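A.B. asks: I have a structure here, written as structure tokens, and I will follow up with some questions on it.
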Amino acid sequence: MSSHIVPFKTYFKVFLALLVLLALTTGMAYVDLGGFNTVIALVIAFVKMLLVMLFFMHLRQSSALMRTVVVAGFFWLAILIGLTYSDYSTRTWIQPPQSWSSSAPATHP
Amino acid sequence: MAEHSQQAGLAHQFENLEQQRETAFLGIWIFLATEIMFFGGLFASYTIYRYFYYSAFAEGSRILSVFWGALNTGVLLTSSLTMALSVRAAQLGKRRRLMIFLVLTMLLGTTFLGIKGIEYHDKFVEHVVPGIDFAPAGRVLAEVAPGGLGHAQLYFIFYFAMTGVHAIHMIIGIGVLLVILFQAKRGKFTTQYFAPVEVAGLYWHFVDIVWIFLFPLLYLVGGRY
């Protein structure tokens, strides 16, 4: 990030887009779309995050080293969420031997 | 190297300001990656318990005020704008403008904390603080939350833990900006040297991004229809 100065208008347009997305997220909570509500809310949050990262945090003008660190951070987060999820989702796959306990194995935390 | 002593803000171990700035950015981004993991742990465990006790989470979430939450989100988004503009002012060498935008950012951050204070107070009044006489008045959570009040309490434990840790980060951010403000006042920054302002900005934007995810995940569970 050396001499490139982002114009005020660009920052302002990104800010307006963020406010529109905020209104969208909030308004959607009052509309029944079932499980889709959560998906859309997360997608909108993800887009907002991208806008903040690319424009406010200057990732568009940053070196490849910075972007690699960012990707690495999300990669480790994906491992955290992925392996935790795989733990819970596979708990019923293998049952402990009947002789181990008299009660049914717990599948809930 | 005669240029070293003439370059304001250049520490002796660096070849030039460009290298120094890249080093500072690398440092803050690595720190932010650790913060992604820090909050990531909270988000991951929230996801697990929300999956298993969804209706309790939805009932607990409906007690929160969407108005205050959305307003607070708007406040933080605006603070990110003023933060970006303060960095831009530093790039242009406009000292007074830099200071004004820093003060605006801090004011917005304090507004956010004030609104959170209002919300926390409301939680005490409504008896939804885990462990402190937890029994939401006028709402029979035990009926709608399978497993009883225990799971609803779990939701509020996450609410206070996640927003509380986030608020601590906000307080630290405001403190950092205060330091930057005083450095700007003393004329420390030039058009060539303003990396501390950018580094503080990166931290501030990150805290904003955390809230961007906290708002829908805590306030909008289950919908209000």
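So the protein lines, in turn, are chains U and W. Here our numbering is used: position 26 in the first sequence is 26, and no number is missing along the way. Whatever position you read off the second sequence (first residue = 1), add 1000 for our numbering. C-beta: ideal position from N, C-alpha, C; glycine also. What you are looking at is a predicted structure, and each value in this text was computed from that prediction instead of being measured.
(1) Where does residue 1237(W) fall in DSSP's three states?
(2) Cα separation between residue 1215(W) and residue 1192(W)?
(3) Report the neighbours of residue 63(U) on chain W: residues whose CB is nearer than 7 Å to its CB, in chain order.
(4) So residue 1033(W) contacts chain U; which residues on that side make the cut at Cβ distance below 8 Å?
(5) Suppose only complete runs of 3+ residues qualify. What are the beta strand (DSSP E) ranges in the region 4-81 of chain U, listed by chain order?
(6) I'd like the span of the alpha helix (DSSP H) that includes residue 1225(W), first residue to last.
(7) Evaluate contact between the region 20-28 of chain U and the region 37-44 of chain U, counting only Cβ atoms and requiring at least three cross-stretch pairs below 8 Å.
(8) Could you say which of 1224(W), 1223(W), 1217(W) lies nearest to residue 1047(W) if we only look at CA atoms?
(9) Within 8 Å of any Cβ in chain C, is that where the Cβ of residue 5(U) sits?
(10) Just the Cα atoms here: how many angstroms apart are residue 1065(W) and residue 1120(W)?
(11) Just checking, does the region 5-21 of chain U make contact with the region 49-68 of chain U on the three C-beta pairs under 8 Å criterion?
(12) Looking at C-alpha atoms only, which residue of 1171(W), 1093(W), 1163(W) is the closest neighbour of residue 1211(W)?
(13) Using three-state DSSP, classify residue 1196(W) as helix, strand or coil.
(14) So the candidates are 1035(W), 1014(W), 1095(W), 1016(W); which of them puts its Cα closest to the Cα of residue 1204(W)?
(15) Which residues, taken in chain order from the region 1063-1082 of chain W, show a beta carbon closer than 8 Å to some beta carbon of chain U?
(16) Within 8 Å, do at least three Cβ pairs link the region 61-73 of chain U to the region 1018-1035 of chain W?
(17) In angstroms, rounded to a whole number, what distance separates the CA positions of residue 1224(W) and residue 37(U)?
(18) Which residues in the same chain as residue 90(U) place their Cβ atom closer than 8 Å to its Cβ, once the five residues preceding and following it in sequence are excluded?
(19) Taking CB distances under 8 Å as the criterion, tell me whether residue 41(U) reaches chain W.
(20) Nearest chain W C-beta to residue 20(U) closer than 8 Å, yes or no?
(21) Within the same chain, show all residues whose beta-carbon is closer than 7 Å to that of residue 1144(W), passing over the 5 residues directly before and after it, in chain order.
(22) Look up residue 1026(W) in the DSSP assignment and say whether it is helix, strand or coil.
(23) Using C-beta distances below 8 Å, list every residue in its chain close to residue 18(U), excluding the 5 sequence neighbours before and after it, in chain order.
(24) If I'm right that residue 1101(W) touches residue 1086(W) with Cβ under 8 Å, what's the distance once you round it to whole angstroms?
(25) Would you be able to state if there are at least three C-beta pairs under 8 Å between the region 1153-1173 of chain W and the region 1109-1117 of chain W?
(26) On the DSSP letters alone, give me the boundaries of the alpha helix (DSSP H) that residue 1097(W) sits inside.
(27) Can you tell which of 1081(W), 1103(W), 1115(W), 1122(W) has its C-alpha closest to the C-alpha of residue 1185(W)?
C.D. replies: Straight from the coordinates:
(1) Because chain W is modelled from 1001 through 1225, residue 1237(W) falls outside the range shown and cannot be assessed.
(2) Here the question's residue 1215(W) lines up with position 215 in the second sequence. Here the question's residue 1192(W) lines up with position 192 in the second sequence. C-alpha separation (whole angstroms): 38 Å.
(3) The sequence position of residue 63(U) within the first sequence is 63, counting from 1. Result: 1022.
(4) For the purposes of this step, residue 1033(W) is taken as residue 33 along the second sequence, with counting starting at 1. Going along chain U in sequence order, the residues near residue 1033(W) (Cβ under 8 Å) are 69, 70, 72, 73, 76.
(5) none
(6) As a working mapping, residue 1225(W) is identified with position 225 in the second sequence. Run containing residue 1225(W): none; DSSP gives neither H nor E here.
(7) As far as the Cβ criterion goes, the region 20-28 of chain U touches the region 37-44 of chain U, which means the pair count is three or higher.
(8) Counted from its first residue, the second sequence places residue 1047(W) at position 47. The candidate whose alpha carbon is nearest that of residue 1047(W) is 1217(W).
(9) Absent here is chain C; the protein component of the structure consists of chains U and W.
(10) For the purposes of this step, residue 1065(W) is taken as the residue at position 65 of the second sequence. For the purposes of this step, residue 1120(W) is taken as the residue at position 120 of the second sequence. The alpha-carbon atoms of residue 1065(W) and residue 1120(W) are separated by roughly 11 Å.
(11) The answer is yes - the region 49-68 of chain U touches the region 5-21 of chain U, with three or more Cβ pairs under 8 Å.
(12) Mapped onto the second sequence, residue 1211(W) falls at position 211. For residue 1211(W), the closest C-alpha among the options 1171(W), 1093(W), 1163(W) is that of 1163(W).
(13) Here residue 1196(W) corresponds to residue number 196 of the second sequence, with the count starting at 1. Here residue 1196(W) sits in helix by DSSP.
(14) As a first step, residue 1204(W) must be located in the second sequence, where it is residue number 204. Of the candidates 1035(W), 1014(W), 1095(W), 1016(W), the one whose C-alpha sits nearest the C-alpha of residue 1204(W) is 1035(W).
(15) 1066, 1070, 1073, 1074, 1077, 1078, 1080, 1081
(16) yes
(17) In the second sequence, counting from the first residue as 1, residue 1224(W) sits at position 224. In the first sequence, counting from the first residue as 1, residue 37(U) sits at position 37. C-alpha separation (whole angstroms): 11 Å.
(18) The count along the first sequence starts at 1 and reaches residue 90(U) at position 90. Hits under 8 Å: none found.
(19) The residue given as residue 41(U) occupies position 41 in the first sequence. Interface residue, yes.
(20) Reading the first sequence from its first residue, position 20 is the one you call residue 20(U). It does not: the Cβ of residue 20(U) has no partner Cβ on chain W nearer than 8 Å.
(21) Residue numbering aside, residue 1144(W) sits at position 144 when the second sequence is read from its first letter. Note that residue 1144(W) scores a pLDDT of 48, beneath 50, so its modelled location is shaky; the value from the coordinates is reported in the next line. Contacts found: 1055, 1059.
(22) Position 26 of the second sequence, counted from the start, is the residue given in the question as residue 1026(W). The answer is helix: DSSP assigns residue 1026(W) an H, G or I state.
(23) Position 18 of the first sequence, counted from the start, is the residue given in the question as residue 18(U). Once the five neighbours on either side are set aside, the close Cβ partners of residue 18(U) are 48, 51, 52.
(24) Here residue 1101(W) refers to the residue found at position 101 of the second sequence. Here residue 1086(W) refers to the residue found at position 86 of the second sequence. Residue 1101(W) to residue 1086(W), Cβ: 3 Å. Contact.
(25) Between the region 1109-1117 of chain W and the region 1153-1173 of chain W, the count of C-beta pairs closer than 8 Å reaches three or more; the two stretches touch.
(26) Within the second sequence, the letter at position 97 stands for residue 1097(W). Following the DSSP letters along the chain, one finds residue 1097(W) inside the alpha helix (DSSP H) bounded by residues 1095-1125.
(27) On the second sequence, residue 1185(W) is found 185 positions in, with the first residue counted as 1. Here the closest residue by C-alpha is 1103(W).
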